[in-house]
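Per our numbering, the sequence shown starts with residue 117, numbered consecutively. Where is the CB? At the ideal position from N, CA and C, for every residue including glycine. Values in this document were obtained by computation on a predicted structure and should not be read as measured data.
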Amino acid sequence: MLMKIVYWASTIIAAAMLGMALTYLTGSAQVVEGFKHVGYPQQLRLVLGVAKPAAGVVLLLPGLRLLKEWAYAGAAFAWSMAVIAHWQAGDGLESLFPLVLLIFLAVSYLTRPASRRLASPDVPAVRTAA
Numbered sequence: 117m118l119m120k121i122v123y124w125a126s127t128i129i130a131a132a133m134l135g136m137a138l139t140y141l142t143g144s145a146q147v148v149e150g151f152k153h154v155g156y157p158q159q160l161r162l163v164l165g166v167a168k169p170a171a172g173v174v175l176l177l178p179g180l181r182l183l184k185e186w187a188y189a190g191a192a193f194a195w196s197m198a199v200i201a202h203w204q205a206g207d208g209l210e211s212l213f214p215l216v217l218l219i220f221l222a223v224s225y226l227t228r229p230a231s232r233r234l235a236s237p238d239v240p241a242v243r244t245a246a
């Protein structure tokens, strides 16, 4: 039961933070300046503004095990690059926020139930016709 609580708490936090990337699509001055500050092109803002919220939704939905693996990988890549970009931009401790998100993501990934894993002994990865 504790693992289920840990899984859902970490997954909801990670998914919520991924969903917050919808603000990237607004083109607000703060968002545009934030991407300029770390040296990211504005086209990446648009791609991440769609991909990160989509990943958050996939993490919360049942099934879709292969897409979940992609969502976890994409979020891990995005937040790893955010740590590096903020650190190189001289943001100091602010650079560590994406690292905290990576920890929540890792906890979610490591505690996910067998039904949400790509392949497990209990649940076949692909349904086959009998």
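- Excluding its 5 nearest sequence neighbours in each direction, L176 has C-beta neighbours in its own chain below 6 Å: A131, listed in chain order.
- Close CB contacts of Y188 within its chain, under the 6 Å cut and outside five residues either way in sequence, are with Y225 (chain order).
- The alpha-carbon separation between A125 and G206 amounts to approximately 31 Å.
- Assigned with DSSP and collapsed to three states, S144 falls in coil, not helix or strand.
- Using a C-beta cut-off of 8 Å, the region 162-170 makes no contact with the region 213-227, since fewer than three inter-stretch Cβ pairs fall below that distance.
- Straight through space, the alpha carbons of S231 and M119 are spaced by roughly 14 Å.
- Just so you know, the alpha carbons of P169 and L134 end up roughly 5 Å apart.
- With a cutoff of 7 Å on beta-carbon distance, V154 and H202 are scored as near each other.
- For the pair I200 and A191, the Cα-to-Cα distance works out to about 14 Å.
- Where V199 is concerned, the enclosing alpha helix (DSSP H) starts and stops at R181 to Q204.
- With a cutoff of 7 Å on beta-carbon distance, K184 and V174 are scored as near each other.
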